[in-house]
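Here's the structure, in structure tokens; my notes come after.
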Amino acid sequence: MKGVRQRTVIVGAAQGIGKAVAQLLGVCGHELVLADVQVDRLAVVASDLRTRGAEVSAHHLDLDDTDSIAKTFDEVGAVSGLVSTAAAMHSADPLTVDPAQFEEVLKLNLIGNYALAQAAARSMISHNSAGSIVVVTSAAARRPHPNIGVYAASKAAVTQALRVLGLATQPYGIRINTVAPTATRTEMLTNEASHGTGVVPEYVNDPDDIANVIAFLLSPASRAINLREIPLDGGTLLGL
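Here's what the structure looks like:
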């Protein structure tokens, strides 16, 4: 598809992995549709990318609000790609955690990201456009760590839910994959350390490492990859 410009929605683009993805795709020539709940930080990222020559629009999007998700896709029109790096971290003693906290985290990490992928897929289908959807999950979905059971469960759940969604979108030429990194050098990792989650990273990724994999999954070069979870763990979780 040389010469065809891709319009890609990146949710969670105000910082961390999402910001790294936006920076890389901007260099690669994508038209960027950036979305985040942190609109002030997002505006700074968008402004910086424009100075580098990227075509960028910025939108407020809250995964906790399905109307916000629908509004964003109504505003942007046809897209060829979606990346979601948005997530809520949660740490608690599994013996004392309030079950209500499961609902809060699942609403964002599972329901929010599923609704996002669903909206992107519907938009692609309505515009008769093939595309690629990539959602960042976590290696925690495969290997348990102390105190992050709620978070890990939400990541495992969204991984499987997206596989099922991908079965429905496959006939339309829409691929859905997930990327499951171990710890990544972002503000979330810093917050985990300060709150003492008990997580000892086996391997620590740089955001740029994850962005490179996501860029590949969005490209036609990855057309044979679908319904897959791509582990980014430096080989430390081999066999899990």
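UniProt numbering numbers the first residue of the sequence shown as 1 and each following residue consecutively.
Heads up, the beta-carbon is just placed ideally off N, CA and C, and yes, glycines get one too.
Problem set entry | Nearest to residue 120 (by Cα), restricted to the options 66, 185 and 220 | 66
Problem set entry | Closest Cα partner of residue 13 within the set 136, 237 and 80 | 136
For this session: Whole angstroms is fine: what's the gap from residue 225's alpha carbon to residue 134's?
Result: 11 Å
Exercise. Can you name, in chain order, every residue of its own chain whose Cβ lies under 7 Å from the Cβ of residue 128, other than the five neighbours on each side?
Worked result: none
For this session: Run through the stretch 203-238 for me and flag every whole beta strand (DSSP E) of 3 or more residues, listed as ranges in chain order.
Result: 229-232
Exercise. By DSSP, does residue 141 sit in helix, in strand, or in coil?
Worked result: helix
Problem set entry | Candidates 24, 21 and 164: closest to residue 114 by CA position | 164
For this session: Identify whether residue 74 lies in helix, strand or coil by the three-state DSSP scheme.
Result: helix
Exercise. For the 8 Å Cβ check, are there 3 or more pairs between the stretch 232-239 and the stretch 179-187?
Worked result: Yes: the two stretches touch, three or more of their Cβ pairs being nearer than 8 Å.
Problem set entry | Nearest candidate by alpha-carbon position, reference residue 220, set 81, 61 and 57 | 81
Exercise. Rounded to a whole number of angstroms, what is the C-alpha to C-alpha distance between residue 60 and residue 20?
Worked result: 19 Å
For this session: Report buried or exposed for residue 236, applying the criterion of at least 16 other Cβ atoms within 10 angstroms of its Cβ.
Result: exposed
Problem set entry | Close Cβ partners of residue 52 (< 7 Å) along its chain, the five nearest in sequence each way excluded | 26
Exercise. Whole alpha helix (DSSP H) runs in the stretch 77-133 with 4 or more residues, listed along the chain?
Worked result: 99-106 and 113-126
Exercise. Taking one C-beta from the stretch 150-163 and one from the stretch 86-97 each time, how about it: are there three or more such pairs within less than 8 Å?
Worked result: In this structure the stretch 150-163 lies against the stretch 86-97, because at least three pairs of beta carbons, one per stretch, are closer than 8 Å.
Exercise. Thinking C-alpha only, which one of 204, 227, 186 and 222 is nearest residue 85?
Worked result: 186
Exercise. Which residues share a DSSP beta bridge with residue 8?
Worked result: 32 and 81
Exercise. Any idea what DSSP makes of residue 181, helix, strand or coil?
Worked result: strand
Exercise. DSSP three-state call for residue 136: helix, strand or coil?
Worked result: strand
For this session: Alpha carbon to alpha carbon, how far is residue 62 from residue 68? Give it in angstroms, no decimals.
Result: Counting only the Cα atoms, residue 62 lies some 6 Å from residue 68.
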